[in-house]
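Residue numbers (our numbering): 1 to 213. Report on the structure given below.
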Ligand code: ADP
């Protein structure tokens, strides 16, 4: 985050004199407290300063890169996830290919009749299936998909950085966002979203554009 001249000056005053009250900072700059309020709010929200009631502002001692790291580690899946695209496990490989084109995604999540996650289909899974001599309209996706329990998933409250780490370590493009639900006494996973490399790229850009506090 880029600080403006006044914010840099405030930071220096607090570094040299903290803890110091907002009124005292305003006095040193010959400005009103009200004029300073937005700058103090920004410096506090960004983590450069901390404020204690009746004590005043003090410098946290954190560098720009420490603060950036802290912000990245606060990003959660639910703020960046996209809508999932699912197919039923009885759908044919042909239908899945059509779906992948129509929905313009690189990964399809496979669900059973109760909308619970049972598998996953990547572009290469479908390409591999298309290379054989089988009739694609008669082969169900359940035959070729990667199936549970070998699926890497995440939940809406997970940290985005942890999901990004999984994408790298497992060498996959996408992870379903799931919620655990009990159906007929059995624990199942309901697909509520997806995180792909594109979502991670968007998070990266929004940090650079200072869209996240
Ligand atoms: P592609 O193979 O098309 O480049 P991926 O790298 O995402 O796409 O997929 C590689 C393999 O891993 C495929 O067989 C796919 O079914 C499987 N796969 C993809 N995503 C996951 C996941 N979240 N959990 C487990 N397996 C996955």
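Beta carbons: idealized from backbone N, C-alpha and C, even for Gly.
Taking 6 Å as the cut-off, is the C-beta of residue i nearer than that to any heavy atom in ligand 1?
i: residue 214; result: Residue 214 lies beyond the stretch modelled for the chain, which goes from 1 to 213, so this question has no answer here.
i: residue 32; result: no
i: residue 173; result: yes
i: residue 151; result: yes
Just reading off the beta strand (DSSP E) that residue i is part of, what are its end residues?
i: residue 22; result: Element bounds for residue 22: not the beta strand (DSSP E) but the alpha helix (DSSP H), 22-29.
i: residue 114; result: Taken as a continuous stretch (DSSP letters only), residue 114 belongs to no beta strand (DSSP E), as it is neither H nor E.
i: residue 88; result: 86-88
i: residue 101; result: That residue, residue 101, is in no beta strand (DSSP E); its alpha helix (DSSP H) goes 93-103.
i: residue 56; result: 56-59
i: residue 19; result: First-last for residue 19: undefined, no H or E at that position.
Any heavy atom of ligand 2 inside 6 Å of the beta-carbon of residue i?
i: residue 111; result: Ligands displayed in this structure: ligand 1; ligand 2 is not among them.
In whole angstroms, give me the CA-to-CA distance for residue i and residue j.
i: residue 72; j: residue 159; result: 9 Å
i: residue 53; j: residue 22; result: 11 Å
i: residue 18; j: residue 181; result: 51 Å
i: residue 27; j: residue 39; result: 15 Å
i: residue 114; j: residue 141; result: 17 Å
Which same chain residues end up closer than 6 Å to residue i when comparing Cβ atoms and leaving out the 5 residues on each side of it in sequence?
i: residue 129; result: 93, 144
i: residue 33; result: 22, 23, 26
Looking only at its chain, what residues have a beta carbon closer than 8 Å to the beta carbon of residue i, apart from the 5 residues adjacent to it on each side?
i: residue 173; result: 106, 107, 122, 167, 196, 197
If I follow the unbroken alpha helix (DSSP H) through residue i, where does it start and stop?
i: residue 130; result: 123-131
i: residue 203; result: 197-208
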